[in-house]
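**Q** Below is the structure I would like to discuss, written out as structure tokens.
Number of protein chains: 2
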Amino acid sequence: MPDTSPTDSPDTRRTLAAKLNHLFHTVHPRDGGEYSFEEVAEALRAAGGPTISATYIWQLRKGIRDNPTKRHLEALAGFFGVPPAYFFDDTAAERIDAELALLTAIRDTHVRQLALRAAGLSPRSLNAITEMIERVRELEGLPDTTEKS
Amino acid sequence: MPDTSPTDSPDTRRTLAAKLNHLFHTVHPRDGGEYSFEEVAEALRAAGGPTISATYIWQLRKGIRDNPTKRHLEALAGFFGVPPAYFFDDTAAERIDAELALLTAIRDTHVRQLALRAAGLSPRSLNAITEMIERVRELEGLPDTTEKS
DNA sequence: CACCGCTATCCATCCCAGTTGACGCCCTGG
DNA sequence: CCAGGGCGTCAACTGGGATGGATAGCGGTG
Chain A
0 MPDTSPTDSP DTRRTLAAKL NHLFHTVHPR DGGEYSFEEV AEALRAAGGP
50 TISATYIWQL RKGIRDNPTK RHLEALAGFF GVPPAYFFDD TAAERIDAEL
100 ALLTAIRDTH VRQLALRAAG LSPRSLNAIT EMIERVRELE GLPDTTEKS
Chain B
0 MPDTSPTDSP DTRRTLAAKL NHLFHTVHPR DGGEYSFEEV AEALRAAGGP
50 TISATYIWQL RKGIRDNPTK RHLEALAGFF GVPPAYFFDD TAAERIDAEL
100 ALLTAIRDTH VRQLALRAAG LSPRSLNAIT EMIERVRELE GLPDTTEKS
């Protein structure tokens, strides 16, 4: 099973409302004032894509509603010029990005191939093969540091 | 005004259904077969977070429904171990697709351990060990077909 | 002060995202 | 050849995501 780790606690993670609020406060039209909800709704309508009512934008910013659909997230992200991922919880994304970074560390295609083929083997077989690798490392004069990640 | 450019790109964008389909096809449980919709729904329920009915997952994969809410996207992304951005940004999706098989493989701590230890070995040793893994796969009744790209 | 334009806030409503339950198909074993 | 369970598929229903319209505050103008 892939990742069934318990979803992170409902702590004081930045809520969708907070992020939207930050966007409104940060990106504003040529003069100082913030965008009005009506303006945003209008602009989105003009953009041709999916439209959002001004009232709903207000609800999202206020935190009254916090579970918009994919298309609406895309539209909002598009308007404010941020990637849609901005609205999602970053901890999960960060963890996965870290994993992806680890993958780039494994450049050797042979090692990749090996890992791919090893996936699915029983733990006992994996252990056995790992031990064999350890032995080969020893024979080839590589460090045997069994560091824990 | 920020970015009011049309949200849809000119070319045929990969639909949500296609991406989901790819995830189902690529990341599968220990024994070759794909996850069943029921299994995914069950796992999400067990994870404690927001739940998705098996039927709905089917609808999303089929393309019958294509506008899920934020929480459901999070849940799905969490299950398959990809960042939520996977469902939005196509370029990111392609980048992740390239690593997806390896990414899921590496998630098994034993496999990761093995891969890290294997890094640095001589090509000949790697080949030898890969062949041994192939043999063990055979003994454990795992598919020997190198899955197509 | 009355009036007007504008915007945030509220409320009642609608419609589609999401669920429930049932059906049909393909296995597997008896 | 027929149970029986598992899984994908379908149709109808429900709830909340999303909307439109009404109201209240607020500054500006004559």
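Chains as they are written, first to last, in numbering that gives the first Met the number 0: chain A, 0 to 148; chain B, 0 to 148.
Glycine included, C-beta positions come from ideal geometry on N, C-alpha and C.
Hey, does I51/B have any beta-carbon neighbour from chain A nearer than 8 Å?
**A** So, not an interface residue.
**Q** List, in chain order, every chain A residue whose beta-carbon is nearer than 9 Å to that of A114/B.
**A** Correct list: I105, V110, R111, L113, A114 and A117.
**Q** Decide if D107/B is buried, meaning its Cβ has at least 16 other Cβ atoms within 10 Å, or exposed.
**A** Classification for D107/B: buried.
**Q** Could you please give me the residues that DSSP links to T68/A through a beta bridge?
**A** Answer by DSSP bridge pairing, in chain order: T68/B.
**Q** Our contact map puts A117/B next to I128/B with C-beta atoms below 8 Å; I'd like the distance itself, whole angstroms only.
**A** Rounded, the Cβ-Cβ distance is 7 Å, consistent with contact.
**Q** When DSSP labels each residue in this structure, what does D107/B get in the three-state scheme?
**A** Of the three classes helix, strand and coil, the one that applies to D107/B here is coil, per DSSP.
**Q** Given this structure, state the Cα-to-Cα distance separating R134/B from S124/A, to the nearest angstrom.
**A** Roughly 11 Å between the two C-alpha positions.
**Q** Compare the C-alpha of A74/B against each of R94/B, D88/B, Y55/B and A91/B and name the closest.
**A** Comparing Cα positions, the closest option is Y55/B.
**Q** Using 8 Å as the threshold, is the C-beta distance between A104/A and I105/B below it?
**A** No, the Cβ-Cβ distance between A104/A and I105/B is not below 8 Å.
**Q** So, for P28/A: in the same chain, excluding its five sequence neighbours on each side, which residues have a beta-carbon less than 7 Å away from its beta-carbon?
**A** Excluding residues within five positions, the ones whose Cβ falls inside 7 Å are Y34.
**Q** For I51/B, count neighbouring Cβ atoms within 10 angstroms of its own Cβ and tell me buried if that reaches 16, exposed if not.
**A** Label assigned to I51/B: buried.
**Q** Can you confirm whether D96/B, when its beta carbon is compared against all beta carbons of chain A, has any partner nearer than 8 Å?
**A** Not an interface residue.
**Q** Taking G140/A as the reference, give the member of P142/B, S121/B, N126/B and G140/B with the closest Cα.
**A** That would be S121/B, whose Cα lies nearest to the Cα of G140/A.
**Q** Which whole-angstrom value is the C-beta distance of L99/B and V26/B, which I expect to be below 8 Å?
**A** That pair is a contact at about 7 Å.
**Q** Could one say the Cβ of E133/B lies closer than 8 Å to chain A's Cβ atoms, at least one of them?
**A** It does; some Cβ of chain A falls within 8 Å.
**Q** How close, in whole Å, do the beta carbons of A76/A and F87/A come, if the pair is a contact with beta carbons under 8 Å?
**A** 10 Å between Cβ atoms; not a contact.
**Q** Counting C-beta neighbours from all protein chains within 10 Å, is the total for G32/A 16 or more, i.e. buried, or is it exposed?
**A** By the neighbour-count rule (16 or more Cβ atoms within 10 Å), G32/A is not buried but exposed.
**Q** Pick from E41/B, L15/B, E137/B and N126/B: whose alpha carbon is nearest that of T68/B?
**A** It is L15/B.
**Q** Roughly how many whole angstroms lie between the Cα atoms of A17/A and R12/B?
**A** If you take the alpha carbons of A17/A and R12/B, they lie about 31 Å apart.
**Q** I think L19/B touches R60/B, with their Cβ atoms under 8 Å apart; what is that distance to the nearest whole Å?
**A** Going by Cβ atoms, the distance from L19/B to R60/B rounds to 5 Å, so yes, they are a contact pair.
**Q** On the DSSP letters alone, give me the boundaries of the alpha helix (DSSP H) that H21/B sits inside.
**A** Where H21/B is concerned, the enclosing alpha helix (DSSP H) stretches over L15 to T25.
**Q** Between which two residues does the alpha helix (DSSP H) holding T129/B run?
**A** P122 to L138 is the span of the alpha helix (DSSP H), which, as asked, contains T129/B.
**Q** Mind listing the chain B neighbours of T25/A? Cutoff is C-beta to C-beta under 8 Å, in chain order.
**A** The premise fails here: T25/A is roughly 10 Å from chain B at the closest Cβ pair, so nothing lies under 8 Å.
**Q** Hey, how far is the Cα of N66/A from the Cα of A42/B?
**A** Taking the straight line joining both Cα atoms gives about 21 Å.
**Q** Which chain B residues sit within Cβ distance under 9 Å of F86/A?
**A** Per Cβ cutoff of 9 Å: K69 and P83.
**Q** Closest by CA to P142/B, which one among G119/A, E130/A, N126/A and D143/A?
**A** Residue G119/A is the option with its Cα nearest to P142/B.
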